[in-house]
Each structure stands twice: as structure tokens, then as C-alpha cells.
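Encoded as C-alpha cells, the structure appears first; notes follow it.
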Amino acid sequence: MNHEQQKRYSRNTTLPHIGYKGQEKLLSSKVLVVGAGGLGCPALLYLTASGIGTLGIIDSDRVELSNLQRQILYESSDIGEYKCDSAKEALHDLNPDINIECHNIRLDKSNIDEIISGYDLIIDGTDNIETRLLLNDSCYKHRLTLVSAAIHGFIGHLYVFKAFWGKDYPCYRCIFPAIEGQQMPDCSESGVMGSVAGVMGSMLATEAIKELLDIEHSPSKNMVIYDALNTDFRKVTVKRNKGCICCG
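All the letters of the sequence shown, read from the start, carry residue numbers 10 to 257 under the numbering used here.
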């Protein structure tokens with residue numbers, strides 16, 4: 010690290026779990042964030058500030074006025090612009106050291122393997138089941154850790170999937186075996202509290218950094234549930250499904 014980087018990341022390197030070696034590892038890491046919405050925006054901000062060397066962003070949507078209640082990377086002047094482009098500009102303003110790779114596309118079976126194989130860790134900030142399952146299956150295939158979150162109203166869920174580690178580790182399909190073909194509730198119909206998206210997006214960044222640095226206490230065998238109304242966090246143990254069509 011040069012002198013400016015030492016100063017920028019000094020609060021990181023002071024932590025015994027990170028230190029200079031850990032920060033160097035973060036600076037050489039490549040993380041892909043799928044979805045630059047309510048979950049992806051705070052995750053991207055904290056990953057950028059923390060010094061992840063290369064950040065990939067996948068999102069084909071444009072910024073809308075209703076996004077600004079929770080998608081904190083964007084401003085009113087960004088309305089109508091592609092999220093990837095606006096996010097890249099904002100993140101470079103925050104930390105010019107970071108390499109931002111924009112993928113202004115939708116993930117599908119024809120492109121996912123080529124895209125994710127170039128990264129060390131994948132973050133799922135999407136809002137549809139089809140993409141979640143696609144990420145789950147491809148990350149298992151490529152032995153990539155998948156950090157995922159979901160929000161609904163005042164409730165947030167967090168997962169760390171690395172089923173390729175062995176029989177004690179579940180994947181997304183183990184928890185939701187019958188979810189394929191279903192539709193997730195849309196924010197426009199069910200509503201979402203913006204700050205809950207912020208909490209869960211920050212947790213995505215935290216768990217991603219922990220995984221990159223091999224810090225213990227991963228929730229990879231649990232589903233973490235945040236209940237904002239009752240100010241409550243709890244962990245539910247989840248087990249691998251021997252009949253899972255992905256990892257069983």
C-alpha cells in the first residue's frame with residue numbers, strides 16, 4: 010500500500026482481524042454484486058470504502074424516482090440513467106482506487122458461467138427467484154461463496170452459501186426446495202422500509218469481507234433474520250437437504 014492508501018484504510022488495518030495483510034488481500038480481491046438496488050447500493054458503498062480492489066456490478070435497470078427512498082447510491086439527477094453507470098460514477102467519487110466493472114445486462118444461463126468465474130465471491134442483491142436460483146446453482150458449480158439477502162417490509166434475511174465445503178453446508182435450494190416458479194412479492198405491492206434495506210446491505214458487505222479474509226463465525230449453516238419492528242436478530246439453523254437437486 011502507498012501512503013495515501015495506508016491513511017485511507019487505517020481504521021481497517023488497526024483491527025486485528027484485518028491488519029495490513031488483510032487489507033492487501035481486500036485490495037487484490039474481486040467481488041461481483043448482482044443487483045444495484047436497495048440491497049446492492051449499501052453493499053457497494055461499504056465494499057468500495059473498505060478497499061475491495063475490483064467490484065463488478067450487474068444491473069440492467071434505469072434509476073426511477075421510487076428507487077431513491079432506499080437506493081442510496083443515486084440522486085434525483087440520476088433518474089432515467091442506467092443504474093450501473095450512475096453507481097460506477099458515485100463509487101469512483103468515493104474511492105478512485107477501485108476498479109469498477111459494469112455489466113449492464115440481465116443474468117441468464119447463457120452468460121452467468123463466463124461472468125461469475127472471474128470473481129472471488131458473489132453477492133446476491135436481487136429481487137427475483139429465478140436469478141437467485143441461477144446464482145445458487147452456478148456458484149455451487151464454480152465453488153464460489155454466495156452471500157445473499159432478502160427484504161420484505163420490516164423483515165430481512167441473510168444467508169452465506171458455500172455448500173461445496175461439504176455435507177454440513179446447505180445451499181439456497183435446501184432451504185426453499187419448492188420455490189422454483191414462484192414469484193417474490195414486489196416492493197411496489199408489499200412495501201419496504203428503506204433503512205431495513207440499508208441494514209441488510211451493510212450485512213452483505215460485512216459477511217463478504219469476513220469470507221474474503223477467512224474470519225471465523227460465518228453464518229453459513231444458519232439463516233439470519235432481522236425483525237426491525239421488534240429490534241430483534243435471530244439465527245435459525247438450516248441443514249443440507251440430501252435430496253437437493255443442486256448439492257444433494
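The C-beta atom is built at its ideal place from N, Cα and C for all residues, glycine as well.
Thinking C-beta only, is residue j closer than 8 Å to residue i?
{"i": "I160", "j": "G44", "result": "no"}
{"i": "K253", "j": "C180", "result": "Note on identity: in this sequence residue 253 is Cys, with Lys being the wrong assignment. Going by C-beta atoms, C253 is nearer than 8 Å to C180."}
{"i": "L213", "j": "I132", "result": "yes"}
{"i": "R141", "j": "S69", "result": "no"}
{"i": "I107", "j": "L41", "result": "no"}
{"i": "H51", "j": "S211", "result": "Per the sequence shown, the amino acid found at residue 51 is Pro instead of His. Cβ atoms of P51 and S211: closer than 8 Å."}
{"i": "C183", "j": "C256", "result": "yes"}
{"i": "K34", "j": "L222", "result": "yes"}
{"i": "L130", "j": "L167", "result": "no"}
{"i": "Q32", "j": "T22", "result": "yes"}
{"i": "P186", "j": "N250", "result": "yes"}
{"i": "G49", "j": "G134", "result": "yes"}
{"i": "H151", "j": "I125", "result": "yes"}
{"i": "R79", "j": "G203", "result": "yes"}
Measuring only the C-alpha atoms, how far is residue i from residue j?
{"i": "A158", "j": "G200", "result": "16 Å"}
{"i": "A217", "j": "S86", "result": "30 Å"}
{"i": "D102", "j": "K248", "result": "42 Å"}
{"i": "E13", "j": "S37", "result": "17 Å"}
{"i": "V72", "j": "A99", "result": "13 Å"}
{"i": "K16", "j": "I138", "result": "41 Å"}
{"i": "S95", "j": "Y83", "result": "7 Å"}
{"i": "I61", "j": "I121", "result": "22 Å"}
{"i": "N145", "j": "F170", "result": "8 Å"}
{"i": "L56", "j": "Y178", "result": "25 Å"}
{"i": "S227", "j": "K219", "result": "8 Å"}
{"i": "A237", "j": "R20", "result": "28 Å"}
{"i": "I234", "j": "D117", "result": "29 Å"}
{"i": "I67", "j": "N113", "result": "6 Å"}
{"i": "P25", "j": "I109", "result": "28 Å"}
{"i": "L155", "j": "F173", "result": "11 Å"}
{"i": "V208", "j": "K39", "result": "23 Å"}
May I ask which residues mark the beginning and end of the alpha helix (DSSP H) holding residue i?
{"i": "H101", "result": "K92 to L103"}
{"i": "E220", "result": "G203 to L221"}
{"i": "N145", "result": "I138 to H151"}
{"i": "Y55", "result": "G49 to S59"}
{"i": "D122", "result": "I121 to I125"}
{"i": "C183", "result": "Y181 to I184"}
By the three-class DSSP mapping on this structure, what secondary structure does residue i have?
{"i": "K248", "result": "coil"}
{"i": "I224", "result": "coil"}
{"i": "K39", "result": "strand"}
{"i": "L167", "result": "strand"}
{"i": "F242", "result": "strand"}
{"i": "R115", "result": "coil"}
{"i": "G162", "result": "strand"}
{"i": "R17", "result": "helix"}
{"i": "R71", "result": "strand"}
{"i": "N76", "result": "helix"}
{"i": "I259", "result": "No information on residue 259 is available, as it lies outside the stretch 10 to 257 that the chain covers here."}
{"i": "S229", "result": "coil"}
{"i": "K34", "result": "helix"}
From which residue to which residue does the beta strand (DSSP E) around residue i run?
{"i": "L64", "result": "T63 to I67"}
{"i": "H26", "result": "Note, H26: premise wrong, no beta strand (DSSP E); not H, not E."}
{"i": "I131", "result": "L130 to D133"}
{"i": "D87", "result": "No beta strand (DSSP E) holds D87; DSSP gives it neither H nor E."}
Opposite residue i in the DSSP bridges: which residues?
{"i": "V156", "result": "I132 and V169"}
{"i": "I109", "result": "L64"}
Counting only beta-carbon separations shorter than 8 Å, does residue i have a partner in chain B?
{"i": "C111", "result": "In the structure shown, chain B cannot be found, because there is only a single protein chain."}
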